[in-house]
Structures are given as structure tokens and as C-alpha cells.
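Be aware that the sequence shown starts at 2, since it is given in our numbering, and climbs by one per residue.
Heads up, the beta-carbon is just placed ideally off N, CA and C, and yes, glycines get one too.
Source: prediction; values computed, not measured.
Comments concern the structure below.
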Amino acid sequence: MDGIDLALAKLDSALGNSGTSFDVPLWEAPSGSQVGADVRKTARAASREGDKLGAVRLLVVAAVQARATVPADVLDDVEARVAQTDGDQADRDTIAEAITMLRNPPPAPRRGLFGRRR
2 MDGIDLALAK
12 LDSALGNSGT
22 SFDVPLWEAP
32 SGSQVGADVR
42 KTARAASREG
52 DKLGAVRLLV
62 VAAVQARATV
72 PADVLDDVEA
82 RVAQTDGDQA
92 DRDTIAEAIT
102 MLRNPPPAPR
112 RGLFGRRR
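Here you go:
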């Protein structure tokens, strides 16, 4: 198992800890909701086919969309391993942007008295 595989396994494990998935729009998703098993399964299949950066990209973008919480050490490891891996620059840019969003998530939507968005 090389470096990017280890980072991918850590990221997959961190995103699957709660076992819940939400099929709601980003602005309604509760902070901390995790990525669904189907997305993680697709990423594992892409990794087995040799598209390691594509699998990492799929997981980090899904984590941003699900407003998932990922430990900082896992994000650091993924970022370091992606920097050492050869691959498509567009994948690298997307991964870097998604990791930045995971480190600095947007604020949760404000709710009014009866739970409606303001």
C-alpha cells in the first residue's frame, strides 16, 4: 500500500464513522453529516482501477457537499500525499480547494423562531 492509498483509506474511514447520510441540499445539511456509503464505494472502485487522485477528489468534494467534519491530521496527510503523487492538475486544484473549504467551513445557515431560514 503506497502513500496515496493510505491517505485514501484514512479519509474513507473518517468520512464513514457516523454511518449516516443525508440527501438534502447543502444549505440545509446539518454540520457534521457524513458522506454516504455509495459515494465511498464509488471512490474505492475508482481507486482500484488506478485513478487515485480521482478517488480522493470524489471523497473530498462529497465531504464538502455533505458538510462533513474531517480531522485536521487526516486533511494534512491527504494534502501531503496528493502533493507527492503524479496526476492531473485539475484534480489537484479541486482537491486543494475542497480541503480549504473543509478546514474553514462556511457558517451554518441562520434559523428563525420557527426553524425557517432567514
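Taking the alpha-carbon of residue i as reference, which of the options has the nearest alpha-carbon?
i      : options                        : result
ALA67  : GLY4, GLY17, ASP92 and ASP3    : GLY17
ASP87  : LYS42, ASP13, ALA73 and GLY51  : GLY51
ALA56  : VAL83, LEU103 and ASP74        : VAL83
PRO106 : SER14, ARG93 and ALA73         : ALA73
ALA46  : ALA69, PRO110, THR70 and ASP13 : ASP13
GLY4   : ARG104, VAL71 and ASP78        : ASP78
Tell me which residues share the same chain as residue i and place their Cβ nearer than 8 Å to its Cβ, disregarding the 5 neighbours each side in the sequence.
i    : result
ASP6 : SER48 and LYS53
Excluding the five sequence neighbours on either side, which residues of its own chain have a C-beta within less than 6 Å of the C-beta of residue i, listed in chain order?
i      : result
VAL40  : ALA63
SER22  : Summary for SER22: the model assigns pLDDT 42, below 50, so the residue's position carries little reliability, and this model does not support an answer.
PRO108 : none
ALA8   : ASP78, VAL79 and ARG82
In terms of residue numbering, what span does the alpha helix (DSSP H) encompassing residue i cover?
i     : result
ARG68 : Taken as a continuous stretch (DSSP letters only), ARG68 belongs to no alpha helix (DSSP H), as it is neither H nor E.
GLY4  : 4-16
GLU98 : 90-104
VAL36 : Unbroken run through VAL36: none, as it is neither H nor E.
Could you pull out every residue in the same chain whose Cβ sits closer than 7 Å to the Cβ of residue i, ignoring the five residues on either side in sequence?
i     : result
ASP24 : Its pLDDT being 47, under 50, ASP24 is placed unreliably in this model, and the coordinates cannot settle the point.
LEU76 : ILE100, LEU103 and ARG104
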